[in-house]
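The next block holds one structure in the form of structure tokens; read it before the comments.
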Amino acid sequence: MAMERSARERDDERFFASLPATRGAAGALIRSPEGDVLLVRRAYESDALWGIPGGIVEAEESPLSACRREIAEELGVTATVRGPLVVDWVPARYPRTAALQWLFRVEVPSEDRFSLQPEELSGWEWVRPGRIPEYLPEGTARRMLAAVAVDDHGGGPVYLEDGRTVLPDHRPADGEGSPRG
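So in UniProt numbering, spot 92 of the sequence shown is number 92, and the numbers just go up one at a time.
Here it is as structure tokens:
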């Protein structure tokens with residue numbers, strides 16, 4: 001005989017069901033020995049835009065697990081995740097809801113071991129960091145460049161909002177100036 005749920009449990013269920021949902025995505029900063037950044041072309045995007053390796057965090061999945069899973073699905077290799085570089089809160093833009101996007105420093109086997117999954121990716125390219133804005137949408141480019149800066153100089157992880165650095169706040173102690181971003 002199943003136990004009936006208490007009034008408290010029913011109230012909790014209603015409360016949590018009423019809360020807003022925020023999507024999550026996990027991406028990878030993968031670099032060549034020369035410091036170039038791996039970008040991928042999504043097969044399922046009608047305009048075949050370039051993007052960051054990675055994807056959506058599934059229900060009940062951690063961002064770290066999502067990053068590993070997505071690299072295996074997209075590139076056909078096992079990812080070694082070294083650590084988080086940035087977390088970016090991206091506001092809602094119709095039809096998309098707000099999202100939290102994590103970018104991890106990831107190492108993968110040599111590119112000659114990549115095995116693109118045709119339903120996931122139609123291509124990949126090593127891109128010099130200075131050319132990232134030519135490949136990615138503005139907010140995504142800012143996020144990736146912030147991750148490159150943390151990877152190059154340390155001090156992470158960094159918190160972003162819409163690709164702009166919010167924390168740590170690098171304004172002078174007197175409060176003048178603006179956060180870098």
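Where is the CB? At the ideal position from N, CA and C, for every residue including glycine.
Owing to the predicted nature of the structure, the values given are computational and were not obtained by experimental measurement.
One alpha carbon belongs to residue 142, the other to residue 4, and they sit about 51 Å apart. About 6 Å separates the CB atoms of residue 162 and residue 90; that is less than 8 Å, so the two are in contact. In this structure residue 115 does not touch residue 41 by the C-beta definition: roughly 15 Å separates them, more than the 8 Å allowed. In this structure, the alpha-carbon of residue 22 lies about 18 Å from that of residue 140.
For residue 56, the enclosing beta strand (DSSP E) starts and ends at 54-56.
A Cβ-Cβ separation of about 14 Å leaves residue 28 out of contact with residue 56 under the 8 Å criterion. Burial check for residue 19: the Cβ neighbour count within 10 Å stays below 16, so the residue is exposed.
Contact annotation, residue 157 with residue 85: C-beta distance approximately 6 Å; criterion of less than 8 Å satisfied. Listed as beta-bridge partners of residue 96 by DSSP are 93.
At the C-beta level, residue 73 and residue 120 come within 8 Å of one another.
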